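Peer 1:
Numbering (our numbering), first residue to last: 908 to 1075.
#1: Could you check whether the segment 1041-1058 touches the segment 1012-1028, counting it as contact only if at least three pairs of C-beta atoms, one from each stretch, sit closer than 8 Å?
#2: Would the segment 1053-1060 count as touching the segment 964-984 if we require 3 or more Cβ pairs under 8 Å?
#3: Thinking C-beta only, is residue 1069 closer than 8 Å to residue 972?
#4: Which term fits residue 989, buried or exposed, when burial requires 16 or more other beta carbons within 10 angstroms of its beta carbon?
#5: Taking all protein chains shown into account, decide if residue 1002 is buried (16 or more other Cβ within 10 angstroms of its Cβ) or exposed.
#6: According to DSSP, simplified to helix, strand and coil, what is residue 990?
#7: Where does residue 916 land, buried or exposed, given buried means 16+ other C-beta within 10 angstroms?
#8: Taking Cβ to Cβ, would you say residue 1064 is nearer than 8 Å to residue 937?
#9: Start and end of the beta strand (DSSP E) containing residue 978?
#10: Hey, out of 939, 1072, 1071, 1066, whose CA is closest to residue 926's CA?
#11: Residue 943 to residue 951, Cα distance in whole Å?
#12: By the DSSP assignment, the alpha helix (DSSP H) with residue 1019 in it spans what residues?
#13: If we ignore side chains and look at the alpha-carbon of each, how far apart do residue 1036 and residue 1006 end up?
#14: How would you call residue 934, buried or exposed, if buried means at least 16 neighbouring beta carbons within 10 angstroms?
#15: Which of the three DSSP states is assigned to residue 940 in this structure?
#16: Please report the Cβ distance between residue 1033 and residue 970, rounded to the nearest whole angstrom; I am assuming they are in contact, meaning their Cβ atoms lie under 8 Å.
If you want it as structure tokens, here you go:
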């Protein structure tokens, strides 16, 4: 039985369905049919603008974001897809907190829905620090169908790992 590390929190019945898709070599075609397009947000500057536009649309009163960038080390070192940080620095006699969002570089070549889901998730942390009901309600508000896209993103990561292990 194949271990599905990205889907381990899901029910066994759902994991079994995914295993069948993998055995029938249908996981890739399923994802390609469901998410045929790739986004055009390729630079850090474009990612910052994309993130700022979403923040301004849904979280106008949240603190400003100082930096948004793709991070090639993120998925390898921290086992994360996106990361939000508040870095506190002393400037003069005051303490200033800078908000940063980093997105794993592997999302440069994915469906626009996946990039949006990662950004929405990190933006929601500006208002809700914990993964609680309020957090997921906010995610769903900013991206309807958030939970399905998150699940499909986990399928994508599973498929990506399968392809990488076949090549190695």
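Just so it is clear, CB atoms sit at the ideal spot from N, CA and C, and this is done for glycine as well.
The structure displayed is predicted, hence computed values, not measured ones.
Peer 2: For this structure:
#1: With contact defined as three or more Cβ pairs closer than 8 Å, the segment 1041-1058 and the segment 1012-1028 are in contact.
#2: Between the segment 1053-1060 and the segment 964-984 there are fewer than three C-beta pairs closer than 8 Å, too few to call the two in contact.
#3: Numbered from 1 along the chain shown, position 65 holds the residue referred to as residue 972. Numbered from 1 along the chain shown, position 162 holds the residue referred to as residue 1069. The beta carbons of residue 972 and residue 1069 sit no closer together than 8 Å.
#4: Within the chain shown, residue 989 is the residue found at index 82, counting from 1. When all chains shown are included, residue 989 counts as buried.
#5: Walking along the chain shown from the start, residue 1002 turns up at place 95. So residue 1002 counts as exposed.
#6: The residue you call residue 990 lines up with position 83 of the chain shown. Here residue 990 sits in strand by DSSP.
#7: Numbered from 1 along the chain shown, position 9 holds the residue referred to as residue 916. That one is exposed.
#8: Residue mapping note: residue 1064 aligns to position 157 of the chain shown, counting from 1. Residue mapping note: residue 937 aligns to position 30 of the chain shown, counting from 1. No.
#9: Along the chain shown, one-based indexing puts residue 978 at 71. It spans 974-978 - the beta strand (DSSP E) in which residue 978 sits, taken as one unbroken run.
#10: Residue mapping note: residue 926 aligns to position 19 of the chain shown, counting from 1. The shortest CA-to-CA distance from residue 926 to any of 939, 1072, 1071, 1066 is the one to 1066.
#11: Counting from 1 along the chain shown, the entry for residue 943 is found at position 36. Counting from 1 along the chain shown, the entry for residue 951 is found at position 44. About 23 Å.
#12: By 1-based counting over the chain shown, the position of residue 1019 is 112. Note, residue 1019: alpha helix (DSSP H), 1019-1034.
#13: On the chain shown, position 129 is the one that residue 1036 refers to. On the chain shown, position 99 is the one that residue 1006 refers to. Rounded to whole angstroms, the gap between the alpha carbons of residue 1036 and residue 1006 is 13 Å.
#14: On the chain shown, residue 934 is found 27 positions in, with the first residue counted as 1. Under the 10 Å beta carbon count, residue 934 is surrounded by 16 or more other beta carbons and is classified as buried.
#15: As a working note, residue 940 is residue 33 in the chain shown. Judged by DSSP in its simplified three-state form, residue 940 adopts helix.
#16: Here residue 1033 refers to the residue found at position 126 of the chain shown. Here residue 970 refers to the residue found at position 63 of the chain shown. Right, the Cβ-Cβ distance comes to about 6 Å (below 8 Å), so this counts as a contact.
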